[in-house]
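Each number in the working numbering comes from the position in the sequence shown (counting from 1) with 10 added on. Ideal placement from N, C-alpha and C gives every residue a C-beta, glycine not left out. Some notes on the structure that comes next.
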Amino acid sequence: MSSAQPIDPRTTHLDRLRARLAAGEPYAGDLLSSLALAVTALDPTGTEDTLGELEGNGAVHLHRSLVSWASLVPGERVLDVGCGAGAITRAAAEAVGPTGTVVGIDACREAIDAAVERTPAGLGVTYLVRRVEQLTGLPDRSFDCITMGLVLEQLPDLEAAMRELRRVVRPGGRIVASVTDFDQFRPADAAFYGAALAVVAWHARGAVTGRAVRPTIPRDRRDRSAFEHAGFAGVEERDIQLVADLATEDAAWALFSRSMLGMLVGPLARLDLRGALAIRVPHTLYLPMRYLRMRRPG
C-alpha cells in the first residue's frame, strides 16, 4: 500500500500560476487576481495572523484602525469586501452593535470558512462567497459604509468593481480601504525588502511587472480615472506605518513566508528567499500602508 500523501489540488493550481509568472507573464489582470485567490485558499488567515498583529506608529493596527477611520455608528449597515478571515468584519460588527448589519464577502470559500470559524455566533455577521465585480443578491443603496482591507490592488478591473460598489452604497455613503504603499519605503527598508524582491524576481520575473511597478493607489492616473468614472471624484488619503521587529531569521520568515511576495514562488525559491532574509536580520522593518476614504455623491 502506498504511503504517499494525496496531492492538494489547491497547491497544484497555485504551482500552475507560479509557472506563468516564472515564464514572464505580467503580474496583472487575471493572473494577479487568480494568484491572490489561490494564495488565500491555501492560507486564508495569513494576513490577519501576520500584518494584522503588527502595531504601527501611534498605536495603529491595520484592521482595527481602518474601522475607526470609517467612523461607524450604531445601527449602520456595513459591507466588508474581501473579508478574508474576518478581522475587519468582526470589528465593524462591534462598532455598529446589535442594531446594525454587517455582511462580509470574499471570493474564496476557504476564507469564508475561516471567517465563520473565528466569528462569535452572537455577533450577527452574515458571510457570503461573492466577487466584488458581481455582488449578486445585494440590493442597490443597501449599505452605509463599505470597508476593503488590502483588496483594491488585487482587482483586475478596478473600474468595474467600483461601479458595483457604487451601486450598493447609499448616496452619501462611504468606502474606506487600505492599500500597500511600498513606494514610500525608508531607504533602509527599501534595501531590505528589495533583497527579498530580487530573489522573487530571479525565480518569477513576471512579479516585477504589471501592478507591481505602478504607483500606490490612488496615485496612478489609471486608478484615479477608475474612481472618477465610477462616480468617486474625491479620495481622502492617510498614510500609516506598521512596525515589524525582525530580530531573528525565524521572525523574518514568519512574516515573509505567509506574505503574497513569499507565496509567488515555489519551495526551492522560498529556500533562497529565507537565506536572503537570514543575512539581513536583525532589522526593524517599517511597512508603509495607506488608508483611503471616498463618498458616493448625493
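- Please say whether Gln194 and Pro298 have beta carbons closer to each other than 8 Å? yes
- request: Going by DSSP, name the residue or residues bridged to Cys155.
  value: Val88, Arg184.
Thinking just about the alpha-carbon of each residue, which of Gly85, Val178, Val209 is nearest to the one in Thr111? Gly85
| task | May I ask you to verify whether the region 270 to 277 touches the region 204 to 223, counting CB pairs closer than 8 Å and requiring at least 3? | result | Contact holds: three or more Cβ-Cβ distances are below 8 Å.
(Q) Could you give the first and the last residue of the continuous alpha helix (DSSP H) run that contains Leu150? (A) Checking the sequence, you will find Asp at residue 150 rather than Leu. It is not in any alpha helix (DSSP H) - Asp150 carries neither H nor E in the DSSP assignment.
task = Identify, in the order they occur along the chain, each residue of the same chain with its Cβ nearer than 7 Å to the Cβ of Phe153, setting aside the five sequence neighbours on each side.
result = Arg87, Val88, Leu89, Val178, Val179, Arg180, Gly183
Where DSSP assigns a beta bridge to Ala254, which residues make up the other side?
-> Leu295
* To do: Report the option in Leu175, Ala286, Ala95 whose CA atom is closest to the CA atom of Glu127.
  => Ala95
Requested in this report: Rounded to whole angstroms, what's the CA-CA distance from Thr294 to Ala254? Just pull it up for me.
Outcome: 6 Å
- Task: Assuming Ile156 contacts Leu175 (C-beta within less than 8 Å), just tell me the rounded distance between them.
- Result: 6 Å
Extent of the continuous alpha helix (DSSP H) run through Leu138: Per DSSP, Leu138 belongs to no alpha helix (DSSP H); it is in the beta strand (DSSP E), 135 to 139.
Q. Does the beta carbon of Asp59 sit closer than 8 Å to a beta carbon anywhere in chain D?
A. The chain inventory of the structure shown lacks chain D, comprising one protein chain alone.
Hey, Leu72 and Gly56: beta-carbon distance below 8 Å or not?
The answer is no: Cβ separation not under 8 Å.
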